[in-house]
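Read the structure below first, then the notes.
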Amino acid sequence: MIKKILDFPSKIFEHSSILGWSGFQLLFKRGLRSKKLIRVKPKGYHNAVFLRPKTTDITVFYQVFLAQSYQINIPLNPKIIIDCGANVGLSSVYFANRFPEAQVVAVEPESDNFNVLIKNISSYKNIIPINKGIWSHETNLKISNDQLGSWGFTIEESDKPEKNTIQATSLKTIMDACTVNSIDILKIDIEGSEKELFEKNVDLWLPYVKILIIELHDGLKAGSSKSVMKAVSKYDFYHIRNNENLIFYFN
1 MIKKILDFPS KIFEHSSILG WSGFQLLFKR GLRSKKLIRV KPKGYHNAVF LRPKTTDITV
61 FYQVFLAQSY QINIPLNPKI IIDCGANVGL SSVYFANRFP EAQVVAVEPE SDNFNVLIKN
121 ISSYKNIIPI NKGIWSHETN LKISNDQLGS WGFTIEESDK PEKNTIQATS LKTIMDACTV
181 NSIDILKIDI EGSEKELFEK NVDLWLPYVK ILIIELHDGL KAGSSKSVMK AVSKYDFYHI
241 RNNENLIFYF N
């Protein structure tokens, strides 16, 4: 989600019919210096979500609920959705509301993001949070570039556990833990780590994915797109673009 910082204040009036009064409260509160979480409820949702003021949580909110980055055709009734790079949980909340019968697995490695995610999904019994990174195998990771803050840092593999290392898991491990043999919807927004994810052990999970929603980050890590396209080219699919995401439908 870091390719483009949207001008949220100018857009919020355009989409006020979706946000309702809460949207205008959000616009007002964003300018305050308070460190308290902002509570806002998208129109049509039973539960509010919490955003951190003066952060890109506001932009992510816009992309998920107003720009409708995930409002795509889903020609199936999904039972399992895995959200890799769940951030503060807004995309997971969207999927849980759109597909209330589905189990949503929200994977997020960064601790500050994860703490807000837990708060945002507290009313959803169908969302399972995992405080780990996603990689091609079980390993330890370390932050290699955090200039973009908690919403857009990049990570790399670490040789050994250190004080600030992040545990990483694999999609195969998640599938086994959930006792599923397929992934109906796989959403990936992991700030360049898609390069490593699609380079190794892909055959353990990619053949079992029905719909892949992914944002590519060649600007953060060269070769990310090449890695993904090389892996998916082995399979029969068609794809479309929706905002910053590529959506692959596998046959």
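Residue numbering for the sequence shown follows UniProt numbering, beginning at 1 and increasing consecutively. No residue lacks a Cβ here, since even glycine has one placed at the ideal position from N, Cα and C. Values in this document were obtained by computation on a predicted structure and should not be read as measured data.
Residue i to residue j span [Cα, whole Å]
| i | j | result |
| --- | --- | --- |
| Ile-247 | Ser-227 | 16 Å |
| Pro-129 | Ile-174 | 11 Å |
| Asp-189 | Ala-106 | 12 Å |
| Val-60 | Gly-44 | 18 Å |
| Ser-69 | Lys-163 | 36 Å |
| Ala-67 | Asn-243 | 8 Å |
Simplified DSSP state of residue i, which is helix, strand or coil
| i | result |
| --- | --- |
| residue 255 | Lying before the first or after the last residue shown, residue 255 is absent from the chain, which here runs from 1 to 251. |
| Ala-86 | coil |
| Arg-39 | strand |
| Ile-190 | coil |
| Val-49 | strand |
| Asp-184 | strand |
DSSP beta-bridge partners of residue i
| i | result |
| --- | --- |
| residue 253 | Nothing can be reported for residue 253: it is not among the residues displayed for the chain, which extend from 1 to 251. |
| Glu-156 | Lys-142 |
| Ala-168 | Gly-133, Thr-139 |
| Ile-72 | Answer is none; Ile-72 lacks a bridge partner. |
| Phe-250 | Phe-237 |
Delimiting residues of the alpha helix (DSSP H) encompassing residue i
| i | result |
| --- | --- |
| Asp-176 | 171-177 |
| Leu-117 | 111-120 |
| Ile-58 | 57-61 |
| Ala-231 | 224-232 |
Any C-beta of chain D under 8 Å from that of residue i
| i | result |
| --- | --- |
| Val-107 | Included in the structure is just one protein chain, with no chain D present. |
Enclosing beta strand (DSSP E) for residue i [first to last residue]
| i | result |
| --- | --- |
| Val-104 | 103-107 |
Do three or more CB pairs link the region 42-49 to the region 175-182 at distances below 8 Å?
No, the region 42-49 does not touch the region 175-182.
Is the region 117-129 in contact with the region 57-75, if contact means three or more CB pairs nearer than 8 Å?
no
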